[in-house]
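Below is one structure, written out as C-alpha cells; comments come after it.
In the UniProt record's numbering, the protein residues as written are 1 to 565.
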C-alpha cells in the first residue's frame, strides 16, 4: 500500500494491540469504551481487525512500513505468529507506505495463486477508488458508474456495466439511477433486463440480482433484504456509506436501516416505472414480460397504498375500448361517472369469450365499462387488492348476481300493471317470451330435474342472447376454492359451497322449446335442462368434469338425428 505508512510507535499502537489482545477482546474493549451500536460500527475501519484475520491463512505475518508523514522516521518491521507476541525492529530499503507479507499455511496455498487473488479482488474490491495490482497488473479497472453523474454515462457504458453485474448478454430495457444524501446516504444503479425472464427466474426462490456495497466495497453479492422479493428481476448495485457491518462483512447489523433503504428504493422504482409508462406507452411492454412480478407484489405487499401504486403499473383491455388498446386502473377510474362506486372486472380466457359472456350481457344495458382479465390468477390478484382509489374492485359476475333481484323485482312491478289474462298466456307476437305462469312452471320443473346441481331455478329478464346463467355469490373466490382446496370434495359439499341459482331467459328459443317439451316429452326435457345447466356451469368455470356430459350430448344428438327425415 503506497499510502502514508507508519512509524514505529504507530505500528505498535495499530498492530500490537490487536495481536496482543485478539479481535474479540478488542471488540469488547471498544464496546465498553464507546457503548452501543456506535462501538460495533467503530470496529470497521480499524486496520488491525482485517489485518488480524490474516492469521486464518498465515502462520506468520511480516509488516514493513515507512512513514511518509515524518521525514526523520525510520522504516520499521513488525512480525508476529499470532499467538500473542510480536517483534518490532528497524528495516532497510522500505518504500513509503506499508507492505504486508503473509507466510501461508500449508492448507491455504491457494491464496498464492494469481487467478484466485484476481477473483477475490474483483469480487470484493472491484470498484474501490485506489488501484489494486496483482503481479504488476491492475485488476480493478472498472469505474463505479453509480458514483458518476448520470447524464455523463453513455449507453455503451451502461450496457457494459449491466452485463458485468448481471452476467447476461442482452441490453438493459430501463436504467434507474438514484442518489440521495439525506436522510440516507444512498447510491443506486439498477437495470431492468430487455429479455423476458426465464421460467426459473419466476420462482420466488431465485436469488436477488442486486449487490450491496459500502464505500465501493462489496458487502453482499445477492442482497435480498434491500428490495422486496417481487423486485428480484432488477439487476445492479446499491452503495450506502450508512450501512454498518460486522467482522465477516456478510451480515447486516442494523436491520432498521436496511428496511429504510428497502422502502426508499421500492417507492422510487415504482415511481420510475410509472413515469416510463406515461413517457412511452409503446415501449412499456414491460408490463407484459414482468407483469407476474407486479402481481406478486400486489398479493404479498401489506401496505394498501403501495399495493395500489403497483397495481397501476398493470395494463388491461376493457369492454369500452378496441381490442389491443390497454388501460391502467387510474385511467379507468378517470373515465367513470362520479357516482360509480365499483371497478368491474371479468375473468375469461380471451376477449371473444369475455364479450360473449352472459355475465357481461347481464350488465351491458347499464353501459358499464368492464376490465377483461385473461390470466386465471389475475382475478385473485384484484380480489386481493380489494380497492383502488376508494372504489371497490368487483367481479361483474357478482355485480350481475346482486343486480338480478333488483331487475327482476322491477320486471315484476311492470308485469303486475298488465291485465291478469296476459300472464296466463304468451305475450304478443312482438315479444315471444313465456308467460309468467309458464316461466314459473318451467322453473319448478327444472329445479326438480336439476336437484343436486343447483339450489334454485328462476326466470330473469336481464339476458338477451343467452338461454341461462348461473349466479353464485362471490363466484371468483368460490371458483378458486373449487380448483384448490375443494377439488376432491364430494359433490354435495361443493354444492353447499356454491349454492348456485340458475336464471333462465324466458325469451330465448331454447327455453320456450323446453317449456313445450316438459309436457310433451319430460325425459327429453330433463336431458335438455341438464345440458343447459352444465353449459352455464362451464361458462362460470365451476363444472367439476366436462367429460361427464359427453354421453348426454351423444344421447341428445341421437334423438335429434332420429327426428330428421
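Ideal placement from N, C-alpha and C gives every residue a C-beta, glycine not left out.
Alpha-carbon to alpha-carbon, residue j and residue i
i	j	result
residue 452	residue 263	52 Å
residue 529	residue 196	47 Å
residue 558	residue 495	30 Å
residue 347	residue 379	6 Å
residue 146	residue 237	8 Å
residue 548	residue 317	34 Å
residue 562	residue 519	20 Å
residue 97	residue 221	31 Å
residue 71	residue 13	20 Å
residue 445	residue 298	46 Å
residue 491	residue 497	10 Å
residue 226	residue 306	17 Å
residue 259	residue 540	43 Å
residue 506	residue 434	5 Å
residue 194	residue 1	42 Å
residue 157	residue 144	11 Å
residue 374	residue 184	42 Å
residue 566	residue 152	Outside the modelled stretch of the chain, which goes from 1 to 565, sits residue 566, for which no answer is possible.
residue 273	residue 283	11 Å
Residue i CB to nearest heavy atom of the ligand SAH below 7 Å
i	result
residue 360	For the structure depicted, the ligand SAH is absent and the ligand set is empty, with no information on it obtainable.
Burial state of residue i, where buried means 16 or more other Cβ atoms lie within 10 Å
i	result
residue 472	buried
residue 101	exposed
residue 169	exposed
residue 468	buried
residue 181	exposed
residue 460	buried
residue 535	buried
residue 129	exposed
residue 15	buried
residue 386	exposed
residue 285	exposed
residue 508	buried
residue 172	buried
residue 479	buried
residue 228	buried
Sub-8 Å separation of residue i and residue j beta-carbons
i	j	result
residue 344	residue 368	yes
residue 455	residue 499	yes
residue 267	residue 232	no
residue 388	residue 477	no
residue 394	residue 342	yes
residue 381	residue 309	no
residue 52	residue 99	no
residue 89	residue 77	yes
residue 105	residue 57	yes
residue 358	residue 466	yes
residue 364	residue 323	no
residue 154	residue 230	no
residue 216	residue 127	yes
residue 532	residue 553	no
Close Cβ partners of residue i (< 6 Å) along its chain, the five nearest in sequence each way excluded
i	result
residue 484	none
residue 124	218
residue 75	66, 91 and 94
residue 289	196
residue 150	177
residue 54	61 and 102
Sequence-distant residues of its chain with Cβ nearer than 7 Å to residue i (five each side left out)
i	result
residue 517	524, 525 and 528
residue 121	132, 134, 139 and 140
residue 321	327
residue 69	4
residue 275	none
residue 560	none
Nonlocal neighbours in the same chain, by C-beta distance under 8 Å from residue i, ignoring five residues either side
i	result
residue 360	319, 346, 354, 370 and 396
residue 398	473, 474, 475 and 476
residue 67	4, 5, 6, 7, 10, 73 and 96
residue 223	208, 210, 211, 212 and 238
residue 429	Residue placement at residue 429 is poorly supported in this model, since its pLDDT is 39, which falls under 50; the coordinates still yield a value, given next. Excluding positions up to five away in sequence, the list is empty.
residue 206	200 and 232
residue 537	453, 470, 500 and 543
residue 651	Examination of residue 651 is not possible in this model, given that the chain is present from 1 through 565 alone.
Neighbour flag for residue i against chain D, beta carbons, 8 Å
i	result
residue 143	This model lacks chain D altogether; it includes just one protein chain.
Nearest-angstrom beta carbon gap, residue j and residue i [assumed within contact, 8 Å]
i	j	result
residue 178	residue 192	14 Å between Cβ atoms; not a contact.
residue 165	residue 235	6 Å
residue 502	residue 470	6 Å
residue 463	residue 514	That pair is no contact at about 15 Å.
residue 440	residue 512	Their Cβ separation, rounded to whole angstroms, is 14 Å, which puts residue 440 and residue 512 out of contact at 8 Å.
residue 257	residue 243	7 Å
residue 287	residue 314	6 Å
residue 186	residue 240	5 Å
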